[in-house]
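Numbering (my numbering), first residue to last: 3 to 147.
See below:
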């Protein structure tokens, strides 16, 4: 990769070649890039959850379970009874959240595969806002393919 400047001279001197050696420049840039990659801190994408402490004591009774089904159109069913709006969901969650944590029934949320995420998020936000601690997602196997 050279560039010829001028024409052959009559004095017999060789032509001037203007050639930039880019190999050292590339080496320095690669070293700087590696150093930059090494010094960037690792980003940990984590979600803080309030997990209950582990318990080894056996249960003396079966837990009460409320199943919340969210249909494809956003209709929420509480133990197979349709709830008309978000206020009714909040009322149910307030009722559960008012109980002590050990006496709270489990709330199993089972969304339909086609439901809008906003409807599911509204139910989960209501549970969190009203201090429902025993909540879980059910039916996640429908999303695996």
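For every residue, glycine included, the Cβ atom is placed at its ideal position computed from N, Cα and C.
Beta-carbon proximity of residue i to residue j, cut-off 9 Å
i: residue 105; j: residue 128; result: no
i: residue 137; j: residue 96; result: no
i: residue 141; j: residue 113; result: yes
i: residue 68; j: residue 109; result: yes
i: residue 54; j: residue 103; result: yes
C-alpha gap between residue i and residue j, whole angstroms
i: residue 81; j: residue 48; result: 33 Å
i: residue 99; j: residue 132; result: 5 Å
i: residue 57; j: residue 65; result: 15 Å
i: residue 101; j: residue 70; result: 18 Å
i: residue 39; j: residue 33; result: 10 Å
i: residue 19; j: residue 30; result: 24 Å
i: residue 26; j: residue 36; result: 15 Å
i: residue 130; j: residue 28; result: 54 Å
i: residue 139; j: residue 83; result: 19 Å
i: residue 88; j: residue 52; result: 24 Å
i: residue 85; j: residue 62; result: 32 Å
i: residue 144; j: residue 46; result: 28 Å
i: residue 117; j: residue 24; result: 57 Å
i: residue 90; j: residue 146; result: 32 Å
Residue i classed as buried or exposed, judged by whether at least 16 other C-beta atoms fall within 10 angstroms
i: residue 115; result: exposed
i: residue 42; result: exposed
i: residue 134; result: buried
i: residue 72; result: buried
Would you be able to state if there are at least three C-beta pairs under 8 Å between the segment 63-80 and the segment 120-127? yes
Which complete alpha helix (DSSP H) runs does the segment 18-88 hold, if anything under 4 residues is left out? 25-41
At 4 residues or longer, and completely inside the segment 106-133: list those alpha helix (DSSP H) runs for me, N to C. 119-131
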